[in-house]
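Here the sequence shown is numbered in numbering that gives the first Met the number 0, starting from 0 and rising by one per residue. We put the beta carbon where it would ideally sit given N, CA and C, even for glycine. For reference, the structure discussed in these notes is given below.
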Amino acid sequence: MSELVIYLKQILEAPLELSFELIPARAADRLGDLILEDPPARIGGELRVEKIQGSILVEGRLQGYYHVSCSRCLEKAKIEVDSPLRLVLLPTPRFTHGEIELAQDDLDTIYYDGDPIDLEPHLWDQVILSIPQQPICSLDCKGIPVSLPGVTQGDSACESGFAVLKTLSLPDGSETRR
Ligand SMILES: [Zn+2]
């Protein structure tokens, strides 16, 4: 079990302070191919877990780096993280299924079922949220070298659109050229 599995009894009397490191292999399902396996990600940080009345407050810092595909050239883009993090965990409310799904859209609030609580999936969610919408490998990345964006040599979609021109004859009898 990871150090991120918290038992309620650990935080009943006093806040729990811990440092952690996230292990990408344990989150493969969650990460899919969002974060590249090679070079390996190193993400960790410090947390303070505190019980406040009915909820659990998790505050701390997420630090480290990981690699994703550059949105321009598809090469590796290194993303560094160093950001505060704050999560509020509440016991799962007893709603109907549909209502729970709506409530869980609220990203800062997490529902937990019983004891213990594994914080690791929720920390990975924070990492995923930190991925830029259009990550780039470097500020001057020129992207993939192609003459015309979206049009490549031998592209069947383009061929089919213009192929009919080959069959046309001009009034003087000469054939059209592409
Ligand atoms: Zn790039």
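Quick check on the DSSP output: the beta strand (DSSP E) that includes Pro83 runs from which residue to which? In the sequence shown, the residue the question calls residue 83 occupies position 84. Unbroken beta strand (DSSP E) run through Pro83: 75–90.
Would you call the CB atoms of Ala40 and Gly63 closer than 8 Å? Translated into positions along the sequence shown, residue 40 becomes position 41. Translated into positions along the sequence shown, residue 63 becomes position 64. Yes, they are a contact pair.
Report the CB separation of Ala26 from Trp123 in whole angstroms; it is logged as a contact under 8 Å. The residue you call residue 26 lines up with position 27 of the sequence shown. The residue you call residue 123 lines up with position 124 of the sequence shown. So it is a contact: roughly 5 Å between Cβ atoms.
Span of the alpha helix (DSSP H), counted from its first residue to its last, around Leu30: Within the sequence shown, residue 30 is the residue found at index 31, counting from 1. Counting along the chain, the alpha helix (DSSP H) containing Leu30 begins and ends at 27–30.
Nearest to Gln132 (by Cα), restricted to the options Ser82, Ser70, Cys140: For this step, residue 132 is matched to residue 133 along the sequence shown. Of Ser82, Ser70, Cys140, the residue nearest in Cα terms is Ser70.
With a Cβ-Cβ cutoff of 8 Å, do Ile127 and Leu21 count as a contact? Indexing the sequence shown from 1 puts residue 127 at position 128. Indexing the sequence shown from 1 puts residue 21 at position 22. Contact: no.
List the endpoints of the continuous beta strand (DSSP E) containing Val67. Locating residue 67 in the sequence shown gives position 68, where the first residue counts as 1. That run of the beta strand (DSSP E) goes 54–68.
Simplified DSSP assignment, three categories, for Lys8: Here residue 8 corresponds to residue number 9 of the sequence shown, with the count starting at 1. DSSP places Lys8 in helix when its eight states are reduced to three.
Could you round the C-beta distance between Ile78 and Ile5 to whole angstroms and report it? I think they count as a contact, below 8 Å. Here residue 78 refers to the residue found at position 79 when the sequence shown is read from its first residue. Here residue 5 refers to the residue found at position 6 when the sequence shown is read from its first residue. That pair is no contact at about 27 Å.
I'd like the span of the beta strand (DSSP E) that includes Leu17, first residue to last. As a first step, residue 17 is located in the sequence shown; it is residue number 18 there, counting from the start. From DSSP, the beta strand (DSSP E) with Leu17 extends over 15–21.
Less than 8 Å between the C-beta atoms of Leu89 and Ser54, yes or no? Along the sequence shown, read from residue 1 onward, the residue named residue 89 stands at position 90. Along the sequence shown, read from residue 1 onward, the residue named residue 54 stands at position 55. Yes, Cβ-Cβ distance for Leu89 and Ser54 is below 8 Å.
Outcome for Tyr110 when other beta-carbon atoms lying within 10 angstroms are tallied against a minimum of 16: Indexing the sequence shown from 1 puts residue 110 at position 111. The residue is exposed, with fewer than 16 neighbouring Cβ atoms inside 10 Å.
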